[in-house]
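2 protein chains.
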Amino acid sequence: MKSVKSISVLGSTGSIGTQTLQIAEEFPEQFKVVGLTAGRNLDLLVRQIQTHNPEIVALADASLLPELKSRLNDNSPNESQTKLPQLTGGIEGLNTVAGWDKTDLVVTGIVGCAGLLPTLSAIRAGKDLALANKETLIAAGPVVLPELKKSGSRLLPADSEHSAIFQCLQGTPWADNARLSTGIPTPGLRRIQLTASGGAFRDWSTKDLEQATVKDATSHPNWSMGKKITVDSATLMNKGLEVIEAHYLFGLEYEHIEIVIHPQSIIHSMIELADSSVLAQLGWPDMKLPILYCMSWPRRLHTPWERLDLTKIEKLTFKSPDTEKYPCMQLAYSAGRIGGTMPAVLNAANEEAVDQFLKEKIQFIEIPKMIERACEIHKRDLNIKPNLDEILEVDFWAREIIREVVKKNS
Amino acid sequence: MKSVKSISVLGSTGSIGTQTLQIAEEFPEQFKVVGLTAGRNLDLLVRQIQTHNPEIVALADASLLPELKSRLNDNSPNESQTKLPQLTGGIEGLNTVAGWDKTDLVVTGIVGCAGLLPTLSAIRAGKDLALANKETLIAAGPVVLPELKKSGSRLLPADSEHSAIFQCLQGTPWADNARLSTGIPTPGLRRIQLTASGGAFRDWSTKDLEQATVKDATSHPNWSMGKKITVDSATLMNKGLEVIEAHYLFGLEYEHIEIVIHPQSIIHSMIELADSSVLAQLGWPDMKLPILYCMSWPRRLHTPWERLDLTKIEKLTFKSPDTEKYPCMQLAYSAGRIGGTMPAVLNAANEEAVDQFLKEKIQFIEIPKMIERACEIHKRDLNIKPNLDEILEVDFWAREIIREVVKKNS
């Protein structure tokens, strides 16, 4: 093993991206940042480039490239010392960073389906991946899994729940196969339980949800995250998406994936083994730990981070999720069970519906109704073995149909 | 790997022994019982012999051998079909069963220091061990560890707390070394937390303990166990002994071994890794699971046992232990830190003091005082690198001194 691991960060100015870069700063002897991609936040990107001095940087919006270039030139204190990175843009640029030759590990922190193509580029280039972009697997599981097998890329889950399961699985007889996903025998593993905080509305009644505002829905009680995923937590769609993600990551049938409400977010998830033993991973609700584990795996790095003290928390509580209050969970389970293109439709419809909610075009409780409608219509066009183009097509279609419905209703 | 594992059970009529035999009955295709040893419970031993048809049986009290023989002959329904086992007795007999050629795994369920010599015989014969007899390591760690290294025997912990740690450790970078014990580097493991139910008196005040009767002290709230260990739970000496056991099993210094009170006994123990991640093993409070894991390790067998349901338990609580109410914990930590013969004195003094309490010769709150006295006196004779004879000698001495003190006070 090389002593320094080279990291590329897709979505470096987002929540996962900034935390990944903080870790790289905290462990300069372990990690070197070689590639960055970002959307529109040039201020932050320029600071990141100056701090980490990467070899290549891509902007999703290529039209901003001239501005980035001029800012970097203006800000460069001493041009003879600091070599400017190679700059590139658009989807081609993102793909270039994802497959960059010097990269050992690609951290994919791009929100939503936009992360799919660069993730596939990283896989095709044989890179190991820290997957924080769950939409990639959810929408494109049927395409991603065979590519993984072909290239030998390893998919390390950065989602805290899947990281918990991945950590617990390290010692099971099944752990060697953990990245091979669906279809493999699972001699040691019987069931997984994803814990859910319950999100912003866990103490609200079903009735009160009718009045929920954007501000209400974007205040998460435990986790500091991006806006879209915070709304997904409030609808519990985030947990539903994680169920599908777990299905693809760990090769379990849906009846063996359960959700349990655990408001303190201390137990990040659990596995139940064949003999009834349960293993759990615990920690403070902080994404840095699952991100670091992807970066250091299979090693553990010493951190000075605050250690978990259960006597401070005093109690951990658990209850079954309320399926009436949170219809998104069941929508996800049933889309997952149908398979094929249906999870892609679910995911795209959700992204669009959440976007419409954030723009205050629809009510909070309309989010599941919109998604259900899109999934219902898609049943007649279901494709069980889609290729990448077909997935992108249904993704596009589902967004369109949500926008149409919203327009018609307004 | 052979398809059937041959098991010998030392202390077959005790709590651990009977549960081990229940497991063997439940998984007849996995386990074959080839050896049994017992103390005085002939009724149960005869039934066990008839059920499991072992090759060899030893009675600790050799004088009971003729009676056992005649009972087996009387009860044998058809002598031509059932071959009677070879019978043997005394400490020599126990050693013979422990080292029996056909045995793959020796389960040591003998309570107290009496299990030490047969355990050493099993180790010297190169047998894998399921260790439920914690006194072996506590009293004789300095002798047992080098013998393990020499013979290549593997020491699998059957204590629920240590099994939890062992299960969690399977996936750490350190797991391969887990049986090598003290002195090894521990790159992945930073700390362990042993959970304690708090025992029979967890809701009693320190003042009320003065009135505690034998009946009070032998009613454990969660675990069904033998009398001696149930009293050890009530004094929290059991947890103190487990701290020393963990020190020898996992090679951790005492400052990295903590106790946390967890009244529900659902989290059986936890490990904290270098990066601050915590792994825990959970299950109902039932010794069958840790015993089974010793028997099936490194595999997991499918069981139909009741699965853990945290939504039924609703909450898990945690608090720091009360060192004033439970002085035995600190006595164990300090004996462990002193090392050498001191843990043997602590253990023997505790066994004798608990025995005197069970005989109603001393009060419950006198148990720690007696042990402290014995340890205090032993300081002048401390032997840092004892051999087996020297350990047996201080064990004998510590029991004597407790008996003398009790006599003088009565």
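So the protein sequences, as listed, match chains A and B. Going by the numbering used here, the first sequence opens with residue 1, and the numbers climb by one from there. Going by the numbering used here, the second sequence opens with residue 1, and the numbers climb by one from there. Heads up, the beta-carbon is just placed ideally off N, CA and C, and yes, glycines get one too. Note that the structure is predicted; figures quoted are calculated from it, not measured.
| Asked | Found |
| --- | --- |
| Taking the alpha-carbon of A:Asn-486 as reference, which of A:Val-34, A:Leu-301 and A:Glu-390 has the nearest alpha-carbon? | The requested residue 486 of chain A is not part of the displayed model; chain A covers only 1 to 410. |
| Does A:Asp-395 have its Cβ less than 8 Å from a Cβ in chain B? | no |
| Could you spell out the range, first to last residue, of the alpha helix (DSSP H) harbouring B:Ile-391? | 388-409 |
| Specify, as a first and last residue, the run of the alpha helix (DSSP H) that B:His-378 falls within. | 366-378 |
| In the DSSP assignment, the alpha helix (DSSP H) including B:Ile-23 goes from what residue to what residue? | 15-26 |
| Does the Cβ of B:His-302 have 16 or more other Cβ atoms within 10 Å, making it buried, or fewer, making it exposed? | exposed |
| Cβ closer than 8 Å: which chain B residues qualify as neighbours of A:Gln-170? | Gln-170, Gly-171 and Thr-172 |
| In the DSSP assignment, what are the bridge partners of A:Ala-196? | A:Ile-261 |
| Determine whether the Cβ of B:Arg-307 lies closer than 8 Å to any Cβ atom of chain A. | yes |
| Does the distance from the CB of A:Leu-194 to the CB of A:Val-243 come in under 8 Å? | yes |
| What does a CB cutoff of less than 7 Å around B:Leu-289 pick up in its chain, not counting 5 residues either side in sequence? | Gly-283 |
| Please tell me whether A:Ile-49 and A:Pro-343 are closer than 8 Å, where the distance is taken between their beta carbons. | no |
| Between B:Met-370 and B:His-220, what straight-line distance do the alpha-carbon atoms span, to the nearest angstrom? | 23 Å |
| With 8 Å set as the bound, which would you pick, yes or no: does the beta-carbon of B:Lys-207 sit closer than that to a beta-carbon of chain A? | no |
| Compute the beta-carbon to beta-carbon distance between A:Gln-281 and A:Ser-269, rounded to the nearest angstrom, for a pair I have assumed lies under 8 Å. | 7 Å |
| Mind checking the segment 291-305 of chain A against chain B and listing, in chain order, the residues whose C-beta falls within less than 8 Å of any C-beta there? | Leu-292, Tyr-293, Ser-296, Pro-298, Arg-299, Arg-300, Leu-301, His-302, Thr-303 and Trp-305 |
| Determine, using beta-carbon pairs with one atom in the segment 197-207 of chain B and one in the segment 290-309 of chain B, whether at least three such pairs fall under 8 Å. | no |
| For A:Lys-215, count the other beta carbons within 10 Å of its own beta carbon; 16 or more makes it buried, fewer makes it exposed. Which is it? | exposed |
| Is A:Ser-70 helix, strand or coil by DSSP? | helix |
| Measure the C-alpha to C-alpha separation of A:Leu-189 and A:Arg-337 and round it to an integer number of angstroms. | 20 Å |
| Can you give, in chain order, each stretch of the alpha helix (DSSP H) that sits fully within the segment 68-143 of chain B and has at least 4 residues? | 90-98 and 116-124 |
| How many angstroms separate the CA atom of A:Thr-172 from the CA atom of B:Ile-192? | 20 Å |
| Using only the alpha-carbon positions, how far apart do A:Phe-364 and A:Gly-115 sit? | 25 Å |
| Among the candidates A:Lys-359, A:Ile-367, A:Glu-29 and A:Ile-362, whose CA atom is the shortest distance from the CA of A:Leu-331? | A:Ile-367 |
| What residues are listed by DSSP as bridge partners for B:Gly-35? | B:Ser-8 and B:Ile-56 |
| Run the CB neighbour count on A:Leu-392, radius 10 Å, all protein chains shown included, and call it buried at 16 or more, exposed below. | buried |
| Report yes if the CB atom of B:Ser-153 is closer than 8 Å to the CB atom of B:Asp-128, and no otherwise. | yes |
| For A:Ala-175, which three-state DSSP category applies? | Here A:Ala-175 scores only 46 on pLDDT, less than 50, and its place in the model is too uncertain to base an answer on. |
| For A:Gln-167 and chain B, any beta-carbon pair shorter than 8 Å? | yes |
| Among B:Cys-113, B:Leu-273, B:Ser-410 and B:Lys-227, which one has its Cα closest to the Cα of B:Ala-398? | B:Cys-113 |
| In whole angstroms, give me the CA-to-CA distance for B:Leu-36 and A:Leu-310. | 42 Å |
| Which residues of the segment 5-38 of chain A have a Cβ closer than 7 Å to any Cβ of chain B? Give them in chain order. | none |
| Based on the DSSP secondary-structure assignment, which residues constitute the bridge partners of B:Lys-315? | A:Thr-317 |
| B:Thr-317 and B:Pro-263 look like a contact to me (Cβ under 8 Å); what is the Cβ gap, rounded to whole Å? | 6 Å |
| Using a Cβ cut-off of 9 Å, which residues of the segment 136-158 of chain B contact any Cβ in chain A, in chain order? | none |
| I'd like to know whether the C-beta atoms of A:Leu-148 and A:Leu-156 end up nearer to each other than 8 Å. | no |
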